[in-house]
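>
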Amino acid sequence: QKEVEQNSGPLSVPEGAIASLNCTYSDRGSQSFFWYRQYSGKSPELIMFIYSNGDKEDGRFTAQLNKASQYVSLLIRDSQPSDSATYLCAFNKGNFNKFYFGSGTKLNVKP
Amino acid sequence: GAVVSQHPSRVICKSGTSVKIECRSLDFQATTMFWYRQFPKKSLMLMATSNEGSKATYEQGVEKDKFLINHASLTLSTLTVTSAHPEDSSFYICSARRQGRTMNTEAFFGQGTRLTVV
Chain A
1 QKEVEQNSGP LSVPEGAIAS LNCTYSDRGS QSFFWYRQYS GKSPELIMFI YSNGDKEDGR
61 FTAQLNKASQ YVSLLIRDSQ PSDSATYLCA FNKGNFNKFY FGSGTKLNVK P
Chain B
1001 GAVVSQHPSR VICKSGTSVK IECRSLDFQA TTMFWYRQFP KKSLMLMATS NEGSKATYEQ
1061 GVEKDKFLIN HASLTLSTLT VTSAHPEDSS FYICSARRQG RTMNTEAFFG QGTRLTVV
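Residue numbers (this note's numbering), protein chains in the order written: chain A, 1 to 111; chain B, 1001 to 1118.
1. Kindly indicate which three-state DSSP category Asp27 (chain A) falls into: helix, strand or coil?
2. Restricting to runs no shorter than 3 residues, where is the beta strand (DSSP E) found entirely within the segment 62–107 of chain A?
3. Ser1015 (chain B) and Ser1050 (chain B) - do their beta-carbons sit closer together than 9 Å?
4. Distance, Cα to Cα, Ala1048 (chain B) vs Gly16 (chain A)?
5. Considering just the uninterrupted stretch of the beta strand (DSSP E) at Pro1040 (chain B), what are its terminal residues?
6. If I measure Cβ to Cβ from Lys56 (chain A) and keep anything under 6 Å in the same chain, skipping five residues before and after, which residues do I get?
7. Can you tell which of B:Pro1008, B:Ala1072 and B:Leu1068 has the C-alpha that lies nearest to the C-alpha of Ser1054 (chain B)?
8. Look up Leu1079 (chain B) in the DSSP assignment and give the residues it is bridged to.
9. Considering only the beta carbon of each residue, do Ala1107 (chain B) and Phe34 (chain A) sit closer than 9 Å?
Okay, structure coming up:
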């Protein structure tokens, strides 16, 4: 079993819609969870992180964490074509910034 | 945010040669840096943890003699791919942790190096 599971997509949404990206993880010792966005041929860039159960909002982005279900999600409101990218979820468990990444979900936002 | 610079961004080398990739933290000191490899349409796979002043820690399945890591200062880690083969062609990315920060902070990534072995 992979440590982090993501649907590879592609997930297609129309411009202005809400995009919902999901991620499950297997290690209950996981402590912090991160969402990264990666454009083709570029390095990942951090969108947000979350380590407490519940929701965390930052602008158009909302991360949701449910540790009991080992589930983390990212909602993107008012999706824009520029949001089209691959979204990686990641977690760390003790070693500072030793991240374990999911395979990523490709998001296409259609104008 | 903090800046991590990686060089070169692209390199093409002949099979059997060695290639060195540099990762620098420009505005902070990094006691620990991490090296990842990413194949097309795949996720980032952690290769090794680079520790300043000590030996790197390699993930299972990563050949330490093939991927030499040196972390000689608090701002520089290097990855050398020795005797490169076409199957080593990949996107290599480093990341760094700012010294003194807690664990729940972001990883700062370099721009990545696209290695093509011909």
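Where a beta carbon is used, it is the ideal one built from N, C-alpha and C, also for glycine. On a predicted model such as this, the values are computed, not experimentally measured, just so you know.
In terms of the structure at hand:
1. To locate residue 27 (chain A), count along the first sequence from 1; it is residue 27. Coil at Asp27 (chain A), not helix or strand.
2. The segment 62–107 of chain A contains these whole beta strand (DSSP E) runs: 71–76 and 85–92.
3. As a first step, residue 1050 (chain B) must be located in the second sequence, where it is residue number 50. As a first step, residue 1015 (chain B) must be located in the second sequence, where it is residue number 15. Cβ atoms of Ser1050 (chain B) and Ser1015 (chain B): not closer than 9 Å.
4. Your numbering for residue 1048 (chain B) matches position 48 in the second sequence. Your numbering for residue 16 (chain A) matches position 16 in the first sequence. If you take the alpha carbons of Ala1048 (chain B) and Gly16 (chain A), they lie about 41 Å apart.
5. As a first step, residue 1040 (chain B) must be located in the second sequence, where it is residue number 40. Note, Pro1040 (chain B): premise wrong, no beta strand (DSSP E); not H, not E.
6. Within the first sequence, residue 56 (chain A) is the residue found at index 56, counting from 1. Result list for Lys56 (chain A): Ile50 and Ala63, in chain order.
7. Stepping through the second sequence from its first residue, residue 1054 (chain B) is reached at position 54. When each option's Cα is compared against that of Ser1054 (chain B), the closest is B:Ala1072.
8. Counting from one through the second sequence, the residue named residue 1079 (chain B) turns up at place 79. For Leu1079 (chain B), which the question treats as bridged, DSSP gives the partners B:Ile1021 and B:Ile1069.
9. The residue labelled residue 1107 (chain B) in the question sits at position 107 within the second sequence. The residue labelled residue 34 (chain A) in the question sits at position 34 within the first sequence. Taking 9 Å as the Cβ cut-off, Ala1107 (chain B) and Phe34 (chain A) qualify as a contacting pair.
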